[in-house]
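*Asks:* Numbering (my numbering), first residue to last: 149 to 722. Beta carbons are placed, not taken as given, at the ideal position from N, Cα and C, and that holds for glycine. Please find one structure pasted underneath; my questions will follow.
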Ligand code: ADP
Ligand code: MG
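Encoded structure:
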């Protein structure tokens, strides 16, 4: 083996560059983050040929003083971090001082920059990291960086690039995330000469979402807001009927930084657990704020992933924030609320006037706000009784659908689904008081040896649900009492379903319990296919009209409405 040598500086730089800069999108991310850190209020990103031929980022931020400009392109040169203690409290997007050096090492860079204090700007041209020339230039306050011929001197890297189209769309989604992260900054993205999007930078999250994600997504969102001592969660998430077929529109920002996080994704989706069908996913734009010391942003080369000191705190913050929104939005029959006007300035941006008139020496990171929000007590909201508006039951169709006249609409209600939900909520909240029925002859269920032992172990739990279950030989149980709502024929199904869940999860964990409750609620609910007495239907209707029930436990909607106007249109009346 050859002797060991320290690598030459430019080789080390090229290797380091590979970690930070892997494709045009990562270059754009670094440059835009620098502009944000520099306090810009207007940022324009322009690319051609997917960013391989040209990337230009222009901002109206602080600019770089002429004496600092060459230093900015050295590795580990940063104005944002001075010692190890600072690493605990990072409030800027950058801090490693690597990006400009890494980008310059693998491309041809031109920079024009001017600070407020300077009468003229400075232009610097670099080729593969080497400064070729520097000269004074007339330019506005701020910085423009042009990156040409990315990876021209690293042919191996060049081979990994996808088509210009694919690289261009990766850049587009990077800029989109940056723009969503800061509704107080106006972003413009131009691809091959054409403006793809432009955000107003008016501090309003909803107008930012509208410009970036379009009207449909914005209209399907409801406001999320929760603040406790440790974490604040604000933004928007889908109303259940506006859920999507994939996770493309889930955006999370932690202290202003776009992050990918399974923890946040799962907190979001758990909140929708009983409101969405499987295969449907909520969209969201959620801004999570916590103290810099409770997040480690130094775990990923591009800082796209973060680690939390307390996962539970963050999980709970997101989960309860979204759940409160869902509960509040589950009032059926209410007029659709206009998306709230949401003042982003008060959430996370630095004082706006800091960006506008004053010369900016140093970017101050977002000030924490004192906005307080007390979430409603979550457990009981879905059962809250709200005055019930007028309605008229017309009848029942096909043994399933209750038909009502209600608020200038004809409303169809799936009676089985509503009843199932009512049972499920009662079971979940611990309010279920089963009418236990003694059986003249016990039902013997041959569930096998393993399940016999399992059921014996959870006999107390079964008792609370209205089942008295005893062991009957090696592989069977005898059921002597059952809840009055359950038919004898369904006993074996319900017990087997419980065993399946218990075997999978091993214990009476909340996630298993939900599945057990769903099985029980389904069997206890009025069956579809049989006509019911009106007295039986009324309580179901009132649960729906009052907004207490909107979806069955599997996430299917329980109502379908035909507005009078739609009927009149079908009949050619209007
Ligand atoms: P980092 O962002 O980690 O500090 P970079 O290599 O990205 O490292 O940038 C080096 C330094 O150059 C920054 O700390 C900042 O002082 C300066 N800088 C880079 N881009 C800009 C910009 N658009 N406006 C003002 N200063 C900038
Ligand atoms: Mg940087």
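Apply the 10 Å Cβ neighbour rule to residue 405 and answer buried if 16 or more other Cβ atoms are within range, or exposed otherwise.
*Replies:* Here residue 405 corresponds to residue number 257 of the chain shown, with the count starting at 1. Under this definition residue 405 is a buried residue.
*Asks:* Kindly identify the DSSP beta-bridge partner or partners of residue 316.
*Replies:* Position 168 of the chain shown, counted from the first residue, corresponds to residue 316. DSSP lists no partner for residue 316.
*Asks:* Hey, out of 701, 331, 677, 173, whose CA is closest to residue 247's CA?
*Replies:* Against the chain shown, residue 247 aligns to sequence position 99. The option with the nearest alpha carbon to residue 247 is 173.
*Asks:* How many Å lie between residue 340 and residue 319 at the Cα?
*Replies:* Your numbering for residue 340 matches position 192 in the chain shown. Your numbering for residue 319 matches position 171 in the chain shown. Their Cα atoms are separated by approximately 12 Å.
*Asks:* In chain order, which continuous runs of the beta strand (DSSP E) of length 3 or greater are located wholly inside the segment 300-363?
*Replies:* Fully enclosed beta strand (DSSP E) runs of 3 or longer: 334-339, 342-346.
*Asks:* Looking at the ligand MG, does it come within less than 6 Å of residue 182, judged from the CB to the closest heavy atom?
*Replies:* Numbered from 1 along the chain shown, position 34 holds the residue referred to as residue 182. For the ligand MG, at least one heavy atom lies less than 6 Å from the Cβ of residue 182.
*Asks:* Taking just the CA atoms, how far does residue 191 sit from residue 402?
*Replies:* To locate residue 402, count along the chain shown from 1; it is residue 254. To locate residue 191, count along the chain shown from 1; it is residue 43. Using only the alpha carbons, I get a separation of about 21 Å.
*Asks:* Among 613, 215, 277, which one has its Cα closest to the Cα of residue 268?
*Replies:* Locating residue 268 in the chain shown gives position 120, where the first residue counts as 1. Closest option to residue 268, Cα to Cα, is 215.
*Asks:* Pick out whichever of 612, 155, 168, 151 has its Cα sitting closest to the Cα of residue 447.
*Replies:* Within the chain shown, residue 447 is the residue found at index 299, counting from 1. Selected option, being the one with the closest Cα: 168.
*Asks:* Thinking residue 408 and residue 429 are a contact (beta carbons under 8 Å), I'd like their distance in whole angstroms, please.
*Replies:* In the chain shown, the residue the question calls residue 408 occupies position 260. In the chain shown, the residue the question calls residue 429 occupies position 281. Rounded, the Cβ-Cβ distance is 15 Å, inconsistent with contact.
*Asks:* With a cut-off of 8 Å on the beta carbons, I'd call residue 474 and residue 423 a contact; round off their distance for me.
*Replies:* Here residue 474 refers to the residue found at position 326 of the chain shown. Here residue 423 refers to the residue found at position 275 of the chain shown. Confirmed, about 6 Å.
*Asks:* Let me confirm a value: residue 157 is counted as buried when at least 16 other C-beta atoms fall within 10 Å, else exposed. Which label applies?
*Replies:* Taking the chain shown and counting its residues from 1, one reaches residue 157 at position 9. Exposed.
*Asks:* Can you have a look at residue 472 and say buried or exposed, based on whether 16 or more other CB atoms are within 10 angstroms of its CB?
*Replies:* As a first step, residue 472 must be located in the chain shown, where it is residue number 324. Buried, because 16 or more other Cβ atoms sit within 10 Å of the Cβ of residue 472.
*Asks:* Can you tell me whether residue 278 is buried or exposed? The criterion is at least 16 other CB atoms within 10 Å of its CB, across all chains shown.
*Replies:* Mapped onto the chain shown, residue 278 falls at position 130. Counting Cβ neighbours within 10 Å, residue 278 comes out exposed, since fewer than 16 surround it.
*Asks:* Could you work out which residue in 199, 245, 357 is closest to residue 113 when comparing CA atoms only?
*Replies:* Given a span of 149 to 722 for the chain in the structure shown, any question on residue 113 remains unanswerable.
*Asks:* Can you grab the Cα-Cα spacing for the pair residue 181 / residue 312, in whole Å?
*Replies:* Taking the first residue of the chain shown as 1, we reach residue 181 at position 33. Taking the first residue of the chain shown as 1, we reach residue 312 at position 164. Computed Cα separation, rounded: 23 Å.
*Asks:* On the DSSP letters alone, give me the boundaries of the alpha helix (DSSP H) that residue 687 sits inside.
*Replies:* Counting from 1 along the chain shown, the entry for residue 687 is found at position 539. Where residue 687 is concerned, the enclosing alpha helix (DSSP H) stretches over 682-693.
*Asks:* Consult DSSP for residue 467 and reduce its assignment to one of helix, strand or coil.
*Replies:* For the purposes of this step, residue 467 is taken as the residue at position 319 of the chain shown. Looking at residue 467 - three-state DSSP - the assignment turns out to be helix.
*Asks:* Between which two residues does the alpha helix (DSSP H) holding residue 182 run?
*Replies:* Counted from its first residue, the chain shown places residue 182 at position 34. Unbroken alpha helix (DSSP H) run through residue 182: 172-185.
*Asks:* When DSSP labels each residue in this structure, what does residue 159 get in the three-state scheme?
*Replies:* Taking the chain shown and counting its residues from 1, the one referred to as residue 159 is at position 11. Residue 159: helix per DSSP, three-state reduction.
*Asks:* Thinking residue 106 and residue 379 are a contact (beta carbons under 8 Å), I'd like their distance in whole angstroms, please.
*Replies:* As displayed, the chain neither begins before 149 nor continues past 722, which places residue 106 out of reach and without an answer.
*Asks:* Does the Cβ of residue 138 have 16 or more other Cβ atoms within 10 Å, making it buried, or fewer, making it exposed?
*Replies:* Past the boundaries of the shown model lies residue 138; the chain is included only from 149 to 722, so the question cannot be answered.
*Asks:* DSSP has residue 553 in a bridge; who is on the other side?
*Replies:* The sequence position of residue 553 within the chain shown is 405, counting from 1. Residue 553 is bridged to 540, 558.
*Asks:* Buried or exposed, going by whether 16 or more other CB atoms sit within 10 Å of the CB of residue 646?
*Replies:* Against the chain shown, residue 646 aligns to sequence position 498. When all chains shown are included, residue 646 counts as buried.
*Asks:* On the DSSP bridge assignment, give the partners of residue 392 in chain order.
*Replies:* Along the chain shown, one-based indexing puts residue 392 at 244. Residue 392 pairs with 429.
*Asks:* Give me the Cβ distance between residue 590 and residue 628, rounded to the nearest whole Å; I'm assuming they're in contact under 8 Å.
*Replies:* As a first step, residue 590 must be located in the chain shown, where it is residue number 442. As a first step, residue 628 must be located in the chain shown, where it is residue number 480. Sure, about 5 Å apart at Cβ, within 8 Å.
*Asks:* Report, in whole angstroms, the separation of the C-beta atoms of residue 638 and residue 671, which I expect to be a contact under 8 Å.
*Replies:* Numbered from 1 along the chain shown, position 490 holds the residue referred to as residue 638. Numbered from 1 along the chain shown, position 523 holds the residue referred to as residue 671. So it is a contact: roughly 4 Å between Cβ atoms.
*Asks:* Mind checking which residues open and close the beta strand (DSSP E) that includes residue 298?
*Replies:* Within the chain shown, numbered from 1, the residue matching residue 298 stands at position 150. Run containing residue 298: none; DSSP gives neither H nor E here.
*Asks:* Tell me which same chain residues have a C-beta within less than 8 Å of the C-beta of residue 136, skipping the five on either side of it?
*Replies:* Because the chain is modelled from 149 through 722, residue 136 falls outside the range shown and cannot be assessed.
*Asks:* Suppose contacts are defined by Cβ-Cβ distances below 7 Å. Is residue 285 in contact with residue 265 by that definition?
*Replies:* Locating residue 285 in the chain shown gives position 137, counting from the first residue. Locating residue 265 in the chain shown gives position 117, counting from the first residue. Not closer than 7 Å, so no.
*Asks:* Out of 722, 263, 297, which has the shortest C-alpha to C-alpha gap to residue 175?
*Replies:* Within the chain shown, numbered from 1, the residue matching residue 175 stands at position 27. Selected option, being the one with the closest Cα: 297.
*Asks:* For a test of your reading of the model: does the CB of residue 405 fall under 6 Å from any non-hydrogen atom of the ligand FAD? Yes or no.
*Replies:* This structure simply doesn't include the ligand FAD; it includes the ligand ADP and the ligand MG instead.
*Asks:* Relative to the C-alpha of residue 416, which residue among 400, 427, 426 is closest?
*Replies:* Numbered from its first residue, the chain shown carries residue 416 at position 268. The residue with the shortest Cα to Cα distance from residue 416 is 400.
*Asks:* State the CB to CB distance for the pair residue 541 and residue 715, rounded to an integer number of angstroms; the pair is presumed to be in contact (CB under 8 Å).
*Replies:* Counting from 1 along the chain shown, the entry for residue 541 is found at position 393. Counting from 1 along the chain shown, the entry for residue 715 is found at position 567. 18 Å between Cβ atoms; not a contact.
*Asks:* With a threshold of 6 Å, establish whether the CB of residue 242 neighbours any heavy atom of the ligand MG.
*Replies:* The residue given as residue 242 occupies position 94 in the chain shown. Yes - the ligand MG has a heavy atom lying nearer than 6 Å to the Cβ of residue 242.
*Asks:* What whole-angstrom Cβ distance do residue 570 and residue 691 have, given they're in contact under 8 Å?
*Replies:* Counted from its first residue, the chain shown places residue 570 at position 422. Counted from its first residue, the chain shown places residue 691 at position 543. Going by Cβ atoms, the distance from residue 570 to residue 691 rounds to 6 Å, so yes, they are a contact pair.
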